Amino acid sequence: MAKATHDVIIVGAGPAGLSAGIYCGRANLRTGVIDKMGPGGQVATTDWVENYPGFPEGISGLDLSAKMEEQARRFGADIILAEIENLKEEDGLFTLCCTEGDLRAPAVIIASGARSRELGVPGESRFKGRGVSYCATCDGALYKEKVAVVVGGGDSAIGEAMFLTKFARKVHVVHRRGALRATEVLQDRAFKNSRLEFVWSSVVTSINGGDKVQSVTVRNVKDERTHEILTDGVFLYVGLLPNTEFIRGFVDLDEWGYVLTDDNMKASRLGVFAAGDVRHKEVRQVVTATADGAMAAVSVEHYLSETGKAGQ
Ligand code: NAP
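Residue numbers (our numbering): 805 to 1116.
Printed below as a string of C-alpha cells:
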C-alpha cells in the first residue's frame, strides 16, 4: 500500500490555505500546501488591504501574502508549486496527482479560492492582454495619463478603479444598476474622486479596437440607447467563479459550484474539508478566509486523532 507523503494536503495557498497551513504546522502535522500560481491567491493581486485587523494603516496585498507564507513555512508547512490533475481516494488515502508527482494524505483541505468571471462580450477574448485586464494592481501602471473603463459595482471594481486613478487621468465605471454594491466606505471615497466618472444603469456590449482596445460600446438598460466610450483599456470586475473543476463529483457543490460544508468546514466526503472563497458562504473577505482556514485545520486535527490516521 502506498504511504502518505503528508498528514494533510491543503489545496490553495491564499489566505485560507496559508492560515490552515500555519495551524496544521503548529499542530505538528506533516502539512503540504499546494498552489499552481505560488502563494497569495487573489489577495496577492489586490493593491491595498485596509480591513484586515492588525494593520491600522493598511498593507499591500502582496506584503500580506508574503507574511502569511513566511509564517506557514516557519511552522513547517511544505509549500509546493504544482497543479493538480486528478484527485482520488484509495485505501483510506487521498491521492493528488500533480504536475510535480503524486501527493498522498488521509485529509485534504480545499482552499482553491475563486477567479474573476469573464463578461462574455465580443472583443473580450481578442483583446486579453492588449487592453482587457482582470487585474488593475498588475496592469494599472501602464495607464499613466490614459483613460480606462472599469466594469462592475462591487468592492473589487470600486477598490481597483480608485487604484487606477493613481495613474489614469480618467476612469469610467460602468455599472448595470443605479447603485453600487461596494462597501459604504469605498463608495464615499469613490464619489469624492474627481477622476472617476460613473456610467449608471449601463452594460458594456462590446470591446472594440484594432491592435489594442480603443473603445467600448455601452448600452443604457433603461432607455436602450447605446454610445461609445473611447478608452485605452477595460478592467472587468463582474464577480467570481469558484475553482472547483477538479473536485466536481468528488464532494457536494452548490448550484454555482461552491463547496458545501458544515460550520466546522467539513465537506460531504469524510476527510475532506474546505476553507475560504471556494466555500458556499455569505462573506468573502481575507479575515473570513483566514478564520475558515484555522477552523478547517482544527477539524483536520480532530479527524486525524479520532481515526488514528496521522503519521501513516
Ligand atoms: P461582487 O461583489 O459579486 O460584485 C460583482 C459586480 O459585478 C456587481 O456589482 C454586479 O452587479 C456586477 N456584475 C455581475 N455580473 C455582471 C454582468 N454580467 N454585467 C455587468 N455587471 C455585472 O464581486 P467582487 O467585487 O469581485 O467581490 C467578490 C467578493 O470579494 C465579495 O464578497 C466582496 O465583498 C469581496 N471583496 C472584498 C474586498 C474588501 O473588503 N476590500 C475587496 C474585494 C473583494 P450587481 O451589483 O448589479 O449585482
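Using N, Cα and C, we set each Cβ at its ideal position, and we do this for glycine too.
The model shown is predicted, which means the values in this text are computed figures rather than measured ones.
Any non-hydrogen atom of ligand 1 within 6 Å of residue i CB
{"i": "residue 963", "result": "yes"}
{"i": "residue 1089", "result": "yes"}
{"i": "residue 1103", "result": "no"}
{"i": "residue 1082", "result": "no"}
{"i": "residue 1112", "result": "no"}
{"i": "residue 1044", "result": "yes"}
{"i": "residue 960", "result": "yes"}
{"i": "residue 890", "result": "no"}
{"i": "residue 1041", "result": "yes"}
{"i": "residue 956", "result": "yes"}
{"i": "residue 985", "result": "yes"}
{"i": "residue 855", "result": "yes"}
Beta-carbon proximity of residue i to residue j, cut-off 7 Å
{"i": "residue 904", "j": "residue 822", "result": "no"}
{"i": "residue 1081", "j": "residue 917", "result": "yes"}
{"i": "residue 837", "j": "residue 1090", "result": "no"}
{"i": "residue 1096", "j": "residue 1079", "result": "yes"}
{"i": "residue 1021", "j": "residue 1009", "result": "yes"}
{"i": "residue 1114", "j": "residue 895", "result": "no"}
{"i": "residue 876", "j": "residue 826", "result": "yes"}
{"i": "residue 1037", "j": "residue 1048", "result": "no"}
{"i": "residue 986", "j": "residue 958", "result": "yes"}
{"i": "residue 1116", "j": "residue 824", "result": "no"}
{"i": "residue 975", "j": "residue 940", "result": "no"}
{"i": "residue 938", "j": "residue 960", "result": "no"}
Rounded distance between the beta-carbons of residue j and residue i, thought under 8 Å
{"i": "residue 829", "j": "residue 862", "result": "Not really, about 27 Å apart at Cβ, beyond 8 Å."}
{"i": "residue 1100", "j": "residue 1069", "result": "4 Å"}
{"i": "residue 1084", "j": "residue 1066", "result": "Not a contact, Cβ separation roughly 11 Å."}
{"i": "residue 887", "j": "residue 901", "result": "Rounded, the Cβ-Cβ distance is 10 Å, inconsistent with contact."}
{"i": "residue 1129", "j": "residue 1109", "result": "Here the chain covers residues 805 to 1116 and nothing more, so residue 1129 does not appear."}
{"i": "residue 806", "j": "residue 897", "result": "7 Å"}
{"i": "residue 954", "j": "residue 925", "result": "With 8 Å as the limit, residue 954 and residue 925 do not qualify as a contact, their Cβ atoms being about 15 Å apart."}
{"i": "residue 835", "j": "residue 867", "result": "At roughly 23 Å, the Cβ-Cβ gap does not stay under 8 Å, so residue 835 and residue 867 are not in contact."}
DSSP state of residue i mapped onto helix, strand, coil
{"i": "residue 834", "result": "coil"}
{"i": "residue 1027", "result": "coil"}
{"i": "residue 819", "result": "helix"}
{"i": "residue 1015", "result": "coil"}
{"i": "residue 949", "result": "coil"}
{"i": "residue 939", "result": "coil"}
{"i": "residue 810", "result": "coil"}
{"i": "residue 1006", "result": "strand"}
{"i": "residue 996", "result": "helix"}
{"i": "residue 1034", "result": "strand"}
{"i": "residue 1104", "result": "helix"}
{"i": "residue 882", "result": "strand"}
{"i": "residue 975", "result": "strand"}
{"i": "residue 1118", "result": "Since the first and last residues shown for the chain are 805 and 1116, residue 1118 lies out of range."}
{"i": "residue 871", "result": "helix"}
{"i": "residue 1065", "result": "coil"}
{"i": "residue 903", "result": "coil"}
{"i": "residue 866", "result": "helix"}
Ligand 3 heavy atom lying under 6 Å from the CB of residue i
{"i": "residue 981", "result": "Questions concerning ligand 3 fall outside what the structure shown contains, since the ligands it does hold are ligand 1."}
Report yes or no: do three or more beta-carbon pairs, one from the stretch 829 to 842 and one from the stretch 811 to 819, lie closer than 8 Å? Three or more beta-carbon pairs separated by less than 8 Å link the stretch 829 to 842 to the stretch 811 to 819, which places the two stretches in contact.
Measuring CB atoms only, is the stretch 902 to 922 touching the stretch 1024 to 1033, in the sense that at least three cross pairs come out at less than 8 Å? Contact between the stretch 902 to 922 and the stretch 1024 to 1033 is not established, with fewer than three Cβ pairs separated by less than 8 Å.
Touching by the beta-carbon criterion (3+ pairs, under 8 Å), the stretch 994 to 1008 and the stretch 943 to 952: Result no; under three Cβ-Cβ pairs closer than 8 Å.
Pair every Cβ in the stretch 1010 to 1029 with every Cβ in the stretch 961 to 971, then say whether three or more of these pairs are closer than 8 Å. No, they do not touch.
Between the stretch 1043 to 1059 and the stretch 980 to 1000, are three or more C-beta pairs nearer than 8 Å? Cβ pair count under 8 Å is below three, so no.
Are the stretch 955 to 967 and the stretch 1038 to 1050 touching, with three or more C-beta to C-beta distances below 8 Å? With contact defined as three or more Cβ pairs closer than 8 Å, the stretch 955 to 967 and the stretch 1038 to 1050 are in contact.
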